[in-house]
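When the letters of the sequence shown are read in order and numbered with full-length UniProt numbering, they come out as residues 1 to 56.
Idealized CB from N, CA, C, for every residue including glycine.
Some notes on the structure that comes next.
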Amino acid sequence: MGKPTNFITFRVNDQEKDILRTYCERQGRTQTDVLRELIRNLGKENSKTGVGLPSL
Numbered sequence: 001m002g003k004p005t006n007f008i009t010f011r012v013n014d015q016e017k018d019i020l021r022t023y024c025e026r027q028g029r030t031q032t033d034v035l036r037e038l039i040r041n042l043g044k045e046n047s048k049t050g051v052g053l054p055s056l
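Okay, here's the thing in structure tokens:
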């Protein structure tokens, strides 16, 4: 996979931010890494269910 060149920005409330931050700290991972994995897993789920979204 090539070097990422896109940015996604979205808003979360304080509780959601704390959930992500705490999870990342406990796992020793960056927020970017965790969110990328989530997106990749969504692509895998799409291919299993036949939903017409691109998989990675």
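Note down the Cα distance separating aspartate 18 from threonine 9, rounded to an integer number of angstroms. Cα to Cα, the separation comes out at about 17 Å.
Beta-carbon proximity of glutamine 31 to leucine 20, cut-off 9 Å: Yes, the pair counts as a contact, with Cβ atoms nearer than the cut-off.
Measuring alpha carbon to alpha carbon, tell me which of Lys44, Arg40, Thr49 and Arg36 ends up nearest phenylalanine 7. Measuring from the Cα of phenylalanine 7, the nearest candidate turns out to be Arg36.
Where do the N-terminal and C-terminal ends of the alpha helix (DSSP H) with isoleucine 19 fall, by residue? Here the alpha helix (DSSP H) through isoleucine 19 covers 14-27.
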